[in-house]
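The sequence shown runs 2 to 162 under our numbering.
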Amino acid sequence: MRVDFQIQFYARNQSYGMCFQRPKLRRLLGKLVLNFINGAQTFPNRSYRWVDVRDVANAHIQAYESPEASGRYCLVERDLHSSETLKILCKIYPDLPLPEKCADDKPYAPSFRVSQDKAKSLGIHFTPLEVSLKDTVESLKEKNLSVFDSWYLLASHANKS
């Protein structure tokens with residue numbers, strides 16, 4: 002048993018992923034995805050660092066079980082601008098009316114690369130953003146937190162006309 006367990010995970014990006022209970026969605030990224038799929042007219046001009054909540058949980062387990070683990074670990078699958086995140090959602094849900102206009106006319110905020118090397122040294126494999134976004138949307142649907150089904154039905158009906 003490890004008694005000196007003092008590992009810190011840096012998840013400043015806030016995690017996203019499946020909702021395991023009916024949340025109040027205090028997390029910024031959960032609210033962001035929910036706003037996107039619930040008909041937001043614009044998207045924020047900023048980049049977000051994405052990591053799946055299941056990867057964060059797994060990282061804690063891996064760190065606890067690994068005697069070599071020490072220090073801080075950055076857990077970031079990818080850093081993307083809102084517009085790029087929306088392109089991924091659009092590929093997954095092509096009939097969903099997602100925002101196409103940025104909230105301001107300024108140049109897009111930059112994205113950054115965050116090293117995954119230290120986290121991967123623990124054996125952590127990050128869930129691809131595409132998979133996690135789909136799981137997040139499906140989880141929000143299951144918890145009746147989205148109007149996704151209404152939009153989907155309207156789109157399906159419009160395509161038949």
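Positions of the beta carbon are idealized from the N, C-alpha and C atoms, including for glycine. All of these numbers come straight from a predicted model, not from anything done at the bench.
Inset, instruction - Drop a sphere of 10 angstroms on the beta-carbon of Phe37, count the other beta-carbons inside from all chains shown, and report buried for 16 or more, exposed for fewer. - result: buried
Legend entry - the region 83-97 touching the region 120-137, judged by at least three CB pairs closer than 8 Å: yes
Legend entry - First and last residue of the uninterrupted alpha helix (DSSP H) at Leu90: Ser83 to Ile93
Legend entry - Under the three-state DSSP convention, the category Phe127 falls into: coil
Inset, instruction - Using beta-carbon positions only, say whether Arg50 and Val77 come within less than 8 Å of one another. - result: yes
Inset, instruction - State the CB to CB distance for the pair Ser122 and Leu81, rounded to an integer number of angstroms; the pair is presumed to be in contact (CB under 8 Å). - result: Not really, about 24 Å apart at Cβ, beyond 8 Å.
Inset, instruction - Counting only the same chain and skipping the five closest in sequence on each side, list residues whose C-beta sits under 7 Å from that of Asn145. - result: none
Inset, instruction - For my contact list, Val138 and Val34 are in at a C-beta cut-off of 8 Å; report their separation, rounded to the angstrom. - result: 7 Å
Inset, instruction - Ignoring anything shorter than 3 residues or poking outside the region 54-79, list the beta strand (DSSP E) runs there in chain order. - result: 73-75
Inset, instruction - With a threshold of 16 other CB atoms inside 10 Å of the CB of Ala58, please say whether the residue is buried or exposed. - result: exposed
Legend entry - Which listed residue (Leu141, Lys142 and Ile125) has its alpha carbon closest to that of Ile62: Ile125
Inset, instruction - Have a look at Ala41, Gly40 and Pro45 and flag the residue whose alpha-carbon is nearest the alpha-carbon of Tyr109. - result: Pro45
Legend entry - Lys102 beta carbon less than 8 Å from that of Thr43: yes
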